[in-house]
Every structure is written in C-alpha cells, then in structure tokens.
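One structure below.
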Amino acid sequence: MKKALAGLLILLGLVSCTGDSNRLTTGEVVFESKDKKVKVFKEEVDFVINQSMDPEMLEQVPKEQLDAQKKAIIKQLAFYKSIALSPEAAKLKATKDYKMALGLQEDTLLTGLFLKDKVKDIKVTDEETKKFYDDNKSAFTRQDNIADLQLIYLPYRSDEEKAQADKILAEAKQNKDKFGDLAKQYSADKTSGANGGVTGPLPLDKLGANFAPIKDAAINGAVNEVVPNLVVLGGDTAVIVKVNKKELKGEVVKYDDVKKNIAFQLKQKKIAEEQAKVEKEIVDKYDLNSIDQLKLEEKPTDKDKK
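Per the working numbering, the sequence shown starts with residue 3, numbered consecutively.
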C-alpha cells in the first residue's frame with residue numbers, strides 16, 4: 003500500500019504542472035478556501051486515485067485508510083493551487099525552467115497514461131484463478147494457528163470472585179452478540195475492555211506459556227461462540243473467551259476466500275508482462291539501448307585548464 007501512496011503523490015506532482023487551460027473549473031467541490039480562490043474538485047481527487055490504483059486494489063483498501071489518502075490528496079492539491087495563485091508563481095511561468103519542467107512532466111504523465119491505456123483491457127478469468135489455486139494448494143495451506151478473539155478478564159481468587167466469574171460467563175453465553183458491551187462492563191483489564199475485548203488476528207503459537215489455556219480454548223472452541231468454560235490463568239485470573247474467527251495450521255484456505263487476491267495478483271503479472279513487452283518494442287524501435295554506449299563529454303575542471 004505504501005507503494006501505491008508513493009505513486010499517488012508522484013502523480014499529484016505531475017498533475018500540478020498542467021497548464022491553466024486544462025484546469026477543471028466546474029463540478030462538485032470538496033474543498034474551498036475561505037476567500038473562495040482555492041477550490042479542489044471531487045473529479046480531480048477521483049482522477050488521482052483512479053490513475054494511481056487498480057480498481058481491485060481500491061476495493062481492498064479499508065474505508066478509513068482510503069478517506070485518509072483522499073484527504074492527503076485534497077490537501078496537496080490545495081497547496082499546489084495556493085502556490086499557483088501567488089504573483090511570484092505567475093512570473094515563473096514565463097521562465098525557461100518552468101517551460102522545461104512542464105514539457106518533461108507532460109512527457110512523463112503521457113507515458114504513464116499511455117502504458118495504462120495499453121493494459122486497460124487485460125482480464126483474468128475464473129478458470130485462470132481456479133487453476134492457479136488448484137496448482138498451488140501448498141501456498142494456501144495455513145502455516146500457523148491464528149484466531150480473532152474477544153476476551154473478558156476477571157479476578158479469580160476468592161470464592162466470591164469465582165462465583166461472580168461463573169455468573170458473568172453464563173450471561174456472556176446467553177448474550178454472545180453483546181459480548182463487547184459485557185467486556186467493557188466487567189473486564190478487569192480496562193484497556194482491553196474499552197476495546198470490547200477484541201484481540202485482532204492473534205498468532206496463537208507465539209503466545210507465552212502463561213496464555214497456553216487461551217490457545218487451547220481458541221483451537222477447540224466453536225466459531226462465533228463463547229467457550230463453554232472459564233479459562234483460568236495462573237490460578238488468580240479467569241478469562242471468558244469468544245471465538246470470532248480462526249485459521250488453524252494445516253487447513254487449506256477456501257478458494258472463495260482468496261479468489262479476489264489471486265485474480266489481482268495474476269492481473270498485475272499480466273500487466274507487468276504486457277508493459278514490459280510494449281517498453282521493449284519502443285526501446286527497439288528507437289534503438290534506445292545504444293544510449294548505454296554513449297561517451298558523454300566531460301566538462302573540463304579548473305585543474306585541466308591549468
């Protein structure tokens with residue numbers, strides 16, 4: 003994803019160098035400065051996003067992350083446009099450096115659009131993704147035990163605490179869909195409880211020996227269910243465990259779970275191969291490899307002149 007964001011920021015730089023005649027002046031505005039002189043249009047933001055990321059990649063980006071990237075684009079475009087409004091920038095447009103940079107940036111942008119256009123019709127069929135899956139089953143075999151859990155930590159020393167833990171366990175089993183609320187209410191680990199007891203993807207095999215009972219409960223527990231019994235840690239802490247999801251070592255990932263990822267990877271491979279083919283054709287047509295043999299004239303130093 004970092005690569006995609008880097009490419010996105012480079013594209014921002016290229017877009018910023020286009021001439022005034024090419025600027026968008028109508029459409030939905032996503033940002034407008036207080037003096038109404040600086041406007042960023044939704045169409046501009048969408049253009050940058052769509053040119054820098056494959057549609058399949060966009061589908062896999064979490065909404066929060068995509069929103070953050072869009073805000074970064076809006077801020078950067080607004081900054082560029084703000085600079086362009088200054089009298090100093092207006093004067094720079096008449097300079098040789100500006101015209102040189104504009105020409106080079108235009109060639110670079112056209113190259114990116116040209117190569118993207120060459121591969122726009124590349125598709126990956128269901129037959130291709132299924133064949134890749136069937137031919138590479140070992141690559142889709144789980145190498146570790148991983149589980150998404152929710153945990154409620156409870157003190158478990160006195161008879162009173164043990165009775166209370168049993169009572170909360172019974173409540174959790176009857177209200178498994180409200181497990182997060184129960185974690186916030188009862189968990190002795192306030193940090194975990196505030197997050198609804200959610201662990202995220204937990205590598206079970208890397209848990210310390212003290213947490214081995216949690217690993218066993220996760221492996222043996224049913225998905226979307228609360229483990230029937232309290233999990234006791236060290237004799238003074240009990241844990242109520244809910245198994246939201248688990249992927250066990252040796253299991254083969256279901257085809258439907260990886261189909262999109264396979265299609266995306268195969269498409270990227272096809273795109274890279276086609277772009278390499280196009281690039282080679284251009285290099286050969288214009289004999290660009292001969293550049294490697296050029297002997298560039300070196301500028302004489304003051305010492306040489308003496």
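The beta-carbon is built from N, C-alpha and C at its ideal position, and this holds for glycine as well.
Check residue i in the structure and name its three-state DSSP category.
| i | result |
| --- | --- |
| A220 | helix |
| G236 | coil |
| N246 | strand |
| D136 | helix |
| K39 | coil |
| P203 | strand |
| E300 | coil |
| T131 | helix |
| D161 | helix |
| D191 | coil |
| L94 | helix |
| V63 | coil |
| K269 | helix |
| V126 | coil |
| N212 | helix |
Going by C-alpha to C-alpha distance, which of the options sits closest to residue i?
| i | options | result |
| --- | --- | --- |
| T239 | V225, L298, A190 | A190 |
| S140 | V285, E253, P64 | E253 |
| Y155 | P230, L184, Y135 | L184 |
| V47 | M59, A80, K65, D37 | A80 |
| K178 | A196, L151, K164 | L151 |
| L206 | K262, P215, E130 | P215 |
| I148 | N222, Y158, Q78 | N222 |
| N52 | K36, D37, Q71 | Q71 |
| K269 | I124, D37, L235 | I124 |
| K77 | V42, A211, V233, V255 | V42 |
| G237 | E227, V245, A220, F213 | F213 |
| N246 | E275, G199, Q67 | G199 |
| K36 | S84, L60, S54, A274 | S84 |
| Q176 | K38, Q67, E30, N226 | N226 |
| L235 | L250, D218, G29 | D218 |
| N138 | A91, K271, Y257 | Y257 |
According to DSSP, residue i sits in a beta bridge with which residue or residues?
| i | result |
| --- | --- |
| Y155 | V241 |
| V228 | K244 |
| I148 | P205, E249 |
| V32 | DSSP lists no partner for V32. |
| V254 | T143 |
With the cut-off set at 9 angstroms, would you say residue i and residue j are in Cβ contact?
| i | j | result |
| --- | --- | --- |
| K120 | Q277 | yes |
| V233 | F181 | no |
| K261 | T127 | no |
| A224 | L204 | no |
| V255 | T113 | no |
| Q62 | F266 | yes |
| A196 | K186 | yes |
| L26 | E45 | yes |
| L117 | V280 | yes |
| L153 | I242 | yes |
| D146 | K282 | no |
| V40 | L87 | yes |
Going by other Cβ atoms of all chains shown within 10 Å of its Cβ, with 16 needed for buried, is residue i buried or exposed?
| i | result |
| --- | --- |
| Y1 | Since the first residue shown for the chain is 3 and the last is 308, residue 1 is missing from the structure and cannot be characterised. |
| A165 | exposed |
| K38 | exposed |
| L171 | buried |
| M102 | exposed |
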